[in-house]
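Asker: In terms of my numbering, the sequence shown opens at residue 110 and continues consecutively. Before I ask anything, here is the structure I am working with.
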Amino acid sequence: MLGRRGVLTGLGALLLLPAATSARLAPIAGSFVLERVLLRSLSDGKQISVTRRWAITFEAVGGDGLRVIGTQVDANVDAPAALQAMARLEAARDESDLFPLQLDREGQIAGSNPKVALAPLPETVVNAALAYAKARSEASAAQTMSRQFLVELSQHGMSWLSGLPADVFFPAPRQRSISREIDLPDGSTGSFDLRESVSADSASGLLKSFLREAATTTNGMTQKGSEAWTLSCAVL
Numbered sequence: 110m111l112g113r114r115g116v117l118t119g120l121g122a123l124l125l126l127p128a129a130t131s132a133r134l135a136p137i138a139g140s141f142v143l144e145r146v147l148l149r150s151l152s153d154g155k156q157i158s159v160t161r162r163w164a165i166t167f168e169a170v171g172g173d174g175l176r177v178i179g180t181q182v183d184a185n186v187d188a189p190a191a192l193q194a195m196a197r198l199e200a201a202r203d204e205s206d207l208f209p210l211q212l213d214r215e216g217q218i219a220g221s222n223p224k225v226a227l228a229p230l231p232e233t234v235v236n237a238a239l240a241y242a243k244a245r246s247e248a249s250a251a252q253t254m255s256r257q258f259l260v261e262l263s264q265h266g267m268s269w270l271s272g273l274p275a276d277v278f279f280p281a282p283r284q285r286s287i288s289r290e291i292d293l294p295d296g297s298t299g300s301f302d303l304r305e306s307v308s309a310d311s312a313s314g315l316l317k318s319f320l321r322e323a324a325t326t327t328n329g330m331t332q333k334g335s336e337a338w339t340l341s342c343a344v345l
């Protein structure tokens, strides 16, 4: 059975618009370094960390939009010894095709790059995870007791982290978390949690930091992941 109990908190949830939202985005001069750090926990308590950096610039396009141009300049993967072969392949992968990106007048990614998957809303992810857990628990109690169930359930959170936030360049500052409890057939309780912590430059509205975290717990086992975006001026 799946418990429908849940807690939805939205500290700062009333901040619905990015700090730089206006009728027209101001031109952004200079070069920047965009960094993304992905963390994934493993079943043995260890973790994999993937860090990528891109050199980016902003170009004015049309009447009120911006285009983000970028090239990957660095990639590093920190992984346990047993996964070094995979780590080398991941570090060698070039994700320059993340760019170019088109931003609308509010600084939101307009979805013009077919190779970029935008992250769904957190509420959508939570609802999908709850539906998955309910279907599995009704099909087989044994399935919900396994580590495989934990891994598959946690993939909903991991897929959220894999998508690009639509407002990553001009985000609305916020602290938001969503937590849902899952009643398992053996009487124990699991949980599915998502959290966002976002800050922007008060003058330009540009990204300062964008942290997203996902955690899934069942039967004393926990699967965690996080993604952190930061933007800084390039050092020439």
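Idealized CB from N, CA, C, for every residue including glycine. Please read all numbers here as calculations on a predicted model, not as lab measurements.
(1) Do three or more CB pairs link the stretch 231 to 238 to the stretch 267 to 285 at distances below 8 Å?
(2) Can you name, in chain order, every residue of its own chain whose Cβ lies under 6 Å from the Cβ of residue 158, other than the five neighbours on each side?
(3) Can you list the alpha helix (DSSP H) stretches of 4 or more residues lying completely in the stretch 169 to 230, in chain order?
(4) Roughly how many whole angstroms lie between the Cα atoms of residue 304 and residue 286?
(5) Could you give the C-beta distance for residue 227 and residue 218, rounded to a whole number, given that I count them as a contact under 8 Å?
(6) Can you tell me which residues form a DSSP beta bridge with residue 137?
(7) What residue from 170, 209 and 153 has the CA that sits closest to residue 180's CA?
(8) Could you tell me the distance, in whole angstroms, from the CA atom of residue 166 to the CA atom of residue 297?
(9) Rounded C-beta distance between residue 259 and residue 327? I'm assuming under 8 Å.
(10) Please classify residue 329 as buried or exposed, where buried requires at least 16 neighbouring CB atoms within 10 angstroms.
(11) Drop a sphere of 10 angstroms on the beta-carbon of residue 215, count the other beta-carbons inside from all chains shown, and report buried for 16 or more, exposed for fewer.
(12) From this set, 299, 201 and 308, which residue's C-alpha is nearest residue 281's C-alpha?
(13) Just the Cα atoms here: how many angstroms apart are residue 273 and residue 225?
(14) Give the straight-line distance between the Cα atoms of residue 183 and residue 192, rounded to the nearest whole angstrom.
(15) Following the continuous beta strand (DSSP E) through residue 299, name the residue where it begins and the one where it ends.
(16) Based on Cα-Cα distance, which residue from 211, 230 and 229 lies nearest to residue 223?
(17) From 138, 264 and 194, pick the residue whose C-alpha is nearest to that of residue 302; which is it?
Answerer: Per the coordinate set shown:
(1) The stretch 231 to 238 makes contact with the stretch 267 to 285, as at least three CB pairs between them are under 8 Å.
(2) Within the same chain, 148 and 187 come within 6 Å of residue 158 by CB-CB distance, once the 5 residues on both sides are set aside.
(3) DSSP runs (the alpha helix (DSSP H)) wholly in the stretch 169 to 230: 193 to 201.
(4) If I take the Cα positions, the gap works out to 4 Å.
(5) Taking a contact as a CB-CB distance under 8 Å, the pair residue 227 and residue 218 counts as one, their CB atoms being some 6 Å apart.
(6) Answer is none; residue 137 lacks a bridge partner.
(7) Residue 180 has its Cα closest to that of 209, out of 170, 209 and 153.
(8) Their Cα atoms are separated by approximately 51 Å.
(9) Approximately 5 Å separates the beta-carbon atoms of residue 259 and residue 327; this is inside 8 Å, confirming the contact.
(10) By the neighbour-count criterion, in which 16 or more other beta carbons inside 10 Å mark a residue as buried, residue 329 falls on the exposed side.
(11) In the assembly as shown, residue 215 is a buried residue. Its beta-carbon has 16 or more other beta-carbons within 10 Å.
(12) Nearest C-alpha to residue 281: 308.
(13) Residue 273 and residue 225 have their C-alpha atoms spaced approximately 7 Å apart.
(14) Those two C-alpha atoms are separated by around 20 Å.
(15) That run of the beta strand (DSSP E) goes 298 to 309.
(16) Of the listed residues, the one whose Cα sits closest to residue 223 is 211.
(17) In terms of Cα proximity to residue 302, the closest of 138, 264 and 194 is 264.
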